[in-house]
Each structure stands twice: as structure tokens, then as C-alpha cells.
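Down below is the structure, laid out as C-alpha cells.
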Amino acid sequence: MYQNFFSDYFTQLQECNQQWWKDVDTSKAVMNSPINKAFTDLNIEDLTQFFDKASNQPSSLMNIQMNWWENQLKIWQNVSVQGNNSDDVIAAERGDRRFKDPAWQEEAMYNFIKQSYLLFGKTTLDTINSVDGLDEKVKERLQFFSRQMINAMSPSNFVASNPELMKLTLESNGQNLAKGIELLQEDMASSADILKVRMTNNNAFRLGEEIANTPGDVVFRNDLFELIQYRPTTETVHKTPLLIVPPFINKYYILDLQEKNSMVRWLVEQGHTVFLMSWRNPGKSMANVDFEHYVTDGVVKAVDAIESITGEKQVNAAGYCIGGTLLATTVAFYSARRMRARIKTASFFTTLLDFSQPGEIGVYINDPIVSAMEAQNKELGYLDGRSLSVTFGLLRENSLYWNYYVDNYLKGNSPVDFDLLYWNSDSTNVAGKCHSTLLRKLYLENQLVQPKGIKVDGVDIDLSKIKIPTYFISTKEDHIALWQGTYRGAHKPTGKTTFVLGESGHIAGIVNHPDKKKYGYWVNPKLVKNPEDWLEGAKREDGSWWDNWNVWIADNSPQDRIPARTAGSKEYPIIEAAPGSYVRQVLPIEEDA
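Quick note: the working numbering has the sequence shown finishing at residue 597, numbered continuously throughout.
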């Protein structure tokens, strides 16, 4: 019976694979794509350098080989003689949930498989680290892609070598795999050139209902963004309005999920008149939209509208991730044009200004890969957001990819309802020319920190011309924007700068509502040169950094409170209720709205 079932299962799996290649316009086209070729050529070059250096260091490699052999024998002795009461020769890292089922420890065969696999992975990475003379970038790429291979090969990812999956399959007569095939087929139909594994129930949330539901109105719209003004909940508000610039590679509502974790709602409750930009999801028609257009037709237009609506001459502004990079560029642009300081204070959430230390995303940043991506951007007109989402997920492949692969396709579990993961799956494209600029001028060549590195509307951008008070919040476990890298950028403005380091990562560390009392933060008024020295001298505080930031805004933007404002104005009438239209655009975009 099981033989027939597994035969049917793998037949369906093969049919899925064939349909997949058909849907992405033949496997040959994908395999021969400029990006795939660039990766292949680069991997060959890296491996050639590795073997060339390793051949001159035979004793080092021999020692690693002998250590592997000795430990492999110890594992066998540990499992076959001492039994499951002894400590493992090699244990999974803390937080690794792949081997949490008791059978991995209690059953000799699975314990042997687990430990042998962990030893193999450790030995592979140790081998790369042991070779002296390798270029650091080469070593980083070899480590990263070797880790991807190692974790893809994990015995936890296969029914036959995972005791939990084997037991489940036998007890359910394979219904878990049958359900998994259905989910796999659905995910393939909604993926681009890389399988995007769903993380949550895509039908669990509705924009404007369960999420993105803070009351507000769209008061401005152009071809690039919509501007939302949120309705006050207090009788009086701070005189200076607050503009939030979210990243244009994600949808804005990460800052307005549900009531219990919405930063936007909390800020409104603190008496701020909050304006927020909702970016359009680019299609092919936006192929020539560049980074500078997000400044001149984006943030600058938003500030113009806010000044007209409120009658104020300045705004406080905050930018998240690449939205912060955009905000800093805008402030420098105002200065280059010798305009008055229209932005009173600027706050940067997990924002890179100096891209010399970008984190693990740096393995993709080199001339061959960037050139190949530029060619693809020019041909397609945009970067498909679904592929970008998978790319970021693979930076934490065990917790953001393979665990969902196992849960969905092998266990047959329906994904849970989780607002943050719903947002993470709600992908956006990136305009082709803008993406190319980000890759080459910012990430690869780090031109933003050079006094005349980039131009916006014909003028040179110099970050040292940012003389207004600035607030940088980064997070200690951020793998997308390393806090040491964001700390470098905090030295570029020449006004009064405050740097704060939160706990957790790129999302959870920022979306940290004070009521949850979950993550603390570190403060140190001395902005010393070395980030590690800053942290050593920092003081940890309990509670959310939101409270610290709110006090900072008040200290650097003292003002009287005024009667609460109504939305819009005669010049900028209300267009529609929040969350607006642009945020509802989903991929793939066949025709621009």
C-alpha cells in the first residue's frame, strides 16, 4: 500500500516540477539567465581560488580531516555503545529547532544521522575558515553558499531521514504528503523564478479591517505614492507634524499591523499628527523611475503637501530601512539646493547610510552579479518582489524558508494566521532603474557617503550637510542592516546625533510596542568611533525604544499643543479612506493601476 502511495506521490511531485518550468518560460531560459550564469562563473572563480590556496596548506586540511574522522568514530561509539543517556559529541546550536523531536536523541539511527550531519556541516565550514590567504569577500561567499547547501541537505528536510515526518506519514496513511502537494502546487502558481514558500494564511487578513486599520485618509496621490493623514484621537496635538517614510521595497503597514502592535496608532495616541507615504507597486511602466525620483517626486512632494495642509513650515520625519536612506538623501538635497530646513528632525530606523558593511546581503554584491542584475532590470523593467522576498528569507534559511517547507509540504499543515508574516508575504516590486542604482551606486560602490558620490536633480549629495538633530535606532540581531554598519552611517550627519540599539532583529526590534514589554534597548550619549566600544559603554534600559524616541522628539522639537487637525485641506481634499489603493496592489502586476 505504501509503495503505491509513494509512487503516486513522486509522480505528482514530478508533474509539479514540469509545470513549474513551463510556468517560468522553460528551464533553459532560467538556467541560461545572466544572473544564473554570473553566479556560476563567480562560484567557479571562488572555488578555483580556494583550491589554489588550499593546495599549499596540506597540513591544515589534514588536521581537519583527521578531526572529522576521530569525531565520526566518537559519534558511532556514542550512539552504539553508550546509548541515548550520554551527551552528544556534537550538538545543534542553541535555537536550532530542526531536531527538537525526542526521536532524534532517543533512537540510535536518527541520533547517528543527526550528529553525522552536524559534524559534516561544521567540518565543511571549518575547512573554508582554515585556508589562509583567501580574499575575505571570497571566503564570505564560500561560507554563505556552503551553508545554504548544508542546510538544504539537512535530514530534517526529508521524510525518510526525519523520524517525526516518517511517523506522521505512516499514521496518516500519507495524507500529510497529499495535502502538502496541494499547498506546493498553489505556491508554485504564485511564485516567480524561485519557489516562494507561504509563511501564513494569505486569506486571514484584510487590509483596512484586521490590519492597516488605523483610521486615516489619503490626502495626496501621484504616480509614485499616496500620502495618508491619520485622524487624531486626542483633543490637542503637537504643533509640528510627523512624516513617516517607509521602505519602497515593502508595504508600509509593517508600522500599522493590528491595534496591539501598530506604531502609527500609538503615535497618534501620543498626540502626533501622523502622515505616512504608501508607495506604488511598480510595474514595467515604471522601469525608468530612479532613486532620485523617490526624493524629488516622493519625499519632497510629501513635505510640500504636509506644509500646505497643516500650515507649518517644518516637519519631523522618520524613515525605515531604505526609507531612511531616502530621507537622509532628501535632507541633504534640501541643503544642496540651499533651501530652508523644511525637516526639523530626522529619525532613522535600521538605516544604512554607509554601505561598506551591509551584512550577509553583501554576498550578492559584487560586480558580476550586479552587472547581471542590471541587465535583467533593463530587460524586465523591474525586480520581481517575490524573488526579492525569497532572497531575504534565505539569509535566515532555517527559520524563514526550510521550516515552512517542512511544515507545509511534508507535514501538510496549513500555515498559521500571523500578521507580520502576512505582511512579509505581501511582496512589492522594485523599479528597474532604481534597483540598479541601489545595487551599484549604494551597495557596491558606497557612493552615498562620498561628498559628490551621487546627484539628485543635478545637485551633489553630501551627508555631512545634514545639520539637524538625528536619531538612529538599530537592532542588535539585525541580519539585513548590521547595526555596526548603521552605526558607521550615524557618524555622517554633522548635527546632534543620538544612537540607540534595540534588542531583537530588523522587524521585531522595531515593531516593539511599549505595552508588550518584550525587548529593551541600549543608550550611550557618547558617539565614539568604534561600535563595540559604544556598546561596552552603553546602558541597557527596559521597555520599548518608542518611549525613548518620543521623549527625544519632544526635546528636539519643543512646541505648544494645538487643537486636533482635521484631514486634508481645500488644496488637498480627501481622496479616499486609508489604507488607500496603492497598498492593495498585489503581484504579479500585469497592468499598472
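C-beta: ideal position from N, C-alpha, C; glycine also.
These figures come from a predicted structure and were not determined experimentally.
Go ahead and pull the three-state DSSP assignment for G323. Position 319 of the sequence shown, counted from the start, is the residue given in the question as residue 323. DSSP places G323 within a strand segment (E or B) once states are collapsed to three.
Give the list of continuous alpha helix (DSSP H) stretches no shorter than 4 residues that lie fully inside the stretch 242-286. Unbroken alpha helix (DSSP H) stretches of 4 residues or longer found wholly inside the stretch 242-286: 267-273, given in chain order.
To the nearest angstrom, how far is the alpha carbon of I39 from that of L531? For the purposes of this step, residue 39 is taken as the residue at position 35 of the sequence shown. For the purposes of this step, residue 531 is taken as the residue at position 527 of the sequence shown. C-alpha separation (whole angstroms): 40 Å.
Could you work out which residue in S339, D308, W406 is closest to V463 when comparing CA atoms only? The residue labelled residue 463 in the question sits at position 459 within the sequence shown. Nearest Cα to V463 within the set S339, D308, W406: S339.
Which residue from Q380, A332, E316, V504 puts its Cα closest to that of D358? Mapped onto the sequence shown, residue 358 falls at position 354. The shortest C-alpha separation from D358 is found at A332.
Tell whether a beta-carbon distance below 8 Å holds between P250 and N433. As a first step, residue 250 must be located in the sequence shown, where it is residue number 246. As a first step, residue 433 must be located in the sequence shown, where it is residue number 429. Contact check for P250 against N433 fails: the beta carbons are separated by 8 Å or more.
For a minimum of 3 consecutive residues, which ranges assigned as the beta strand (DSSP E) are wholly contained in the stretch 488-536? When DSSP assignments are scanned along the stretch 488-536, the uninterrupted stretches of beta strand (DSSP E) that are 3 or more residues long and fall wholly within it turn out to be 501-506, 525-527.
The alpha helix (DSSP H) spanning Y413 covers which residue range? Sequence index remark: in the sequence shown, residue 413 carries index 409 (1-based). Y413 -> no alpha helix (DSSP H), and no H or E assigned at all.
Between which two residues does the beta strand (DSSP E) carrying A156 extend? Taking the first residue of the sequence shown as 1, we reach residue 156 at position 152. No beta strand (DSSP E) holds A156; the alpha helix (DSSP H) holding it covers 140-156.
Beta carbon of G541, beta carbon of G524: below 8 Å? The sequence position of residue 541 within the sequence shown is 537, counting from 1. The sequence position of residue 524 within the sequence shown is 520, counting from 1. Using a Cβ distance threshold of 8 Å, G541 and G524 do not count as a contacting pair.
With DSSP run on the structure shown, which of helix, strand or coil describes Q233? Mapped onto the sequence shown, residue 233 falls at position 229. For Q233, the secondary structure class from DSSP, reduced to helix, strand or coil, is strand.
My assumption, with CB atoms under 8 Å, is that S478 sits in contact with K496. Please give the rounded CB distance. Reading the sequence shown from its first residue, position 474 is the one you call residue 478. Reading the sequence shown from its first residue, position 492 is the one you call residue 496. With 8 Å as the limit, S478 and K496 do not qualify as a contact, their Cβ atoms being about 14 Å apart.
Rounded to the nearest angstrom, what separates I593 and L261 at their Cα positions? The residue labelled residue 593 in the question sits at position 589 within the sequence shown. The residue labelled residue 261 in the question sits at position 257 within the sequence shown. The straight-line gap separating the alpha-carbon atoms of I593 and L261 is approximately 24 Å.
Can you tell me whether Q233 is buried or exposed? The criterion is at least 16 other CB atoms within 10 Å of its CB, across all chains shown. Along the sequence shown, one-based indexing puts residue 233 at 229. Buried is the call here.
Which residue marks the beginning of the beta strand (DSSP E) containing Y576, and which one marks its end? The residue labelled residue 576 in the question sits at position 572 within the sequence shown. Per DSSP, Y576 is not a residue of any beta strand (DSSP E), being assigned neither H nor E.
Can you name, in chain order, every residue of its own chain whose Cβ lies under 7 Å from the Cβ of A336, other than the five neighbours on each side? Here residue 336 refers to the residue found at position 332 when the sequence shown is read from its first residue. Same-chain partners within the cutoff: I465, D466, L467, K469, I470.
By DSSP, does R225 sit in helix, in strand, or in coil? Within the sequence shown, residue 225 is the residue found at index 221, counting from 1. Three-state result, R225: strand.
Identify whether D464 lies in helix, strand or coil by the three-state DSSP scheme. Here the question's residue 464 lines up with position 460 in the sequence shown. Here D464 sits in strand by DSSP.
Per DSSP, what are the beta-bridge partners of K543 in this structure? Stepping through the sequence shown from its first residue, residue 543 is reached at position 539. In DSSP, K543 forms a bridge with V527.
Measuring CA to CA, which of A558, L181, N75, K78 is closest to K415? Here residue 415 refers to the residue found at position 411 when the sequence shown is read from its first residue. Measuring from the Cα of K415, the nearest candidate turns out to be L181.
T44 versus V410 - alpha carbon distance: For the purposes of this step, residue 44 is taken as residue 40 along the sequence shown, with counting starting at 1. For the purposes of this step, residue 410 is taken as residue 406 along the sequence shown, with counting starting at 1. Cα-Cα distance, rounded: 28 Å.
Stretch pair the stretch 167-175 + the stretch 101-114: three plus CB contacts closer than 8 Å: In this structure the stretch 167-175 lies against the stretch 101-114, because at least three pairs of beta carbons, one per stretch, are closer than 8 Å.
What residue does the alpha helix (DSSP H) around Y426 start on, and which one ends it? Within the sequence shown, residue 426 is the residue found at index 422, counting from 1. Residues 423-429.
How far does the alpha helix (DSSP H) with R390 in it reach, from first residue to last? In the sequence shown, counting from the first residue as 1, residue 390 sits at position 386. 389-397 is the extent of the alpha helix (DSSP H) around R390.
Excluding sequence positions up to five away, which residues of its chain have a Cβ less than 6 Å from the Cβ of R569? One-based indexing of the sequence shown puts residue 569 at position 565. If the five residues before and after R569 are omitted, its C-beta is found closer than 6 Å to the C-beta atoms of T277, all from its own chain and listed in chain order.
Can you give me the C-alpha to C-alpha distance between I248 and W73, rounded to a whole angstrom? Translated into positions along the sequence shown, residue 248 becomes position 244. Translated into positions along the sequence shown, residue 73 becomes position 69. The alpha-carbon of I248 is positioned some 57 Å away from that of W73.
Check each candidate in S289, H297, D371, Q451 and name the one with the smallest Cα separation from E383. Residue 383 sits at position 379 when you count from the first residue of the sequence shown. Ranking the options by Cα distance to E383, first place goes to S289.
Under a three-way DSSP split, which group does G220 fall into? Working through the sequence shown from its first residue, we reach residue 220 at position 216. Three-state result, G220: strand.
Are the beta-carbon atoms of V223 and I313 separated by less than 8 Å? By 1-based counting over the sequence shown, the position of residue 223 is 219. By 1-based counting over the sequence shown, the position of residue 313 is 309. Cβ atoms of V223 and I313: closer than 8 Å.
Look up P567 in the DSSP assignment and say whether it is helix, strand or coil. Taking the sequence shown and counting its residues from 1, the one referred to as residue 567 is at position 563. Here DSSP, grouped into helix, strand and coil, assigns P567 to strand.
Go ahead and pull the three-state DSSP assignment for I347. Within the sequence shown, the letter at position 343 stands for residue 347. Strand at I347.
Just mark L51 as buried or exposed, buried being the case when its beta carbon has 16 or more other beta carbons within 10 Å. Here residue 51 refers to the residue found at position 47 of the sequence shown. Sixteen is the threshold: since fewer than 16 other Cβ atoms of the shown chains lie within 10 Å of the Cβ of L51, the residue is exposed.
Spatial neighbours of K522 in its chain, beta-carbon cut-off 7 Å, leaving aside the 5 residues before and after: By 1-based counting over the sequence shown, the position of residue 522 is 518. Non-local C-beta neighbours of K522 in its own chain, meaning closer than 7 Å and more than five positions away in sequence, comprise N516, ordered along the chain.
Nearest to L443 by CA position, among I215, L387, W406, Q274, is which residue? Position 439 of the sequence shown holds residue 443. Of the residues I215, L387, W406, Q274, the one whose Cα lies closest to the Cα of L443 is L387.
Could you tell me whether the stretch 131-148 touches the stretch 367-383, using the rule of 3 or more Cβ pairs below 8 Å? Using a Cβ-Cβ distance cut-off of 8 Å, the stretch 131-148 and the stretch 367-383 are in contact, since at least three pairs of beta carbons, one from each stretch, lie closer than that value.
What is the DSSP secondary structure of L17, reduced to helix, strand or coil? In the sequence shown, counting from the first residue as 1, residue 17 sits at position 13. Model confidence at L17 stands at a pLDDT of 47, short of 50, so the residue's coordinates are unreliable; what they give is reported in the following sentence. Reduced to three states, the DSSP call for L17 is helix.
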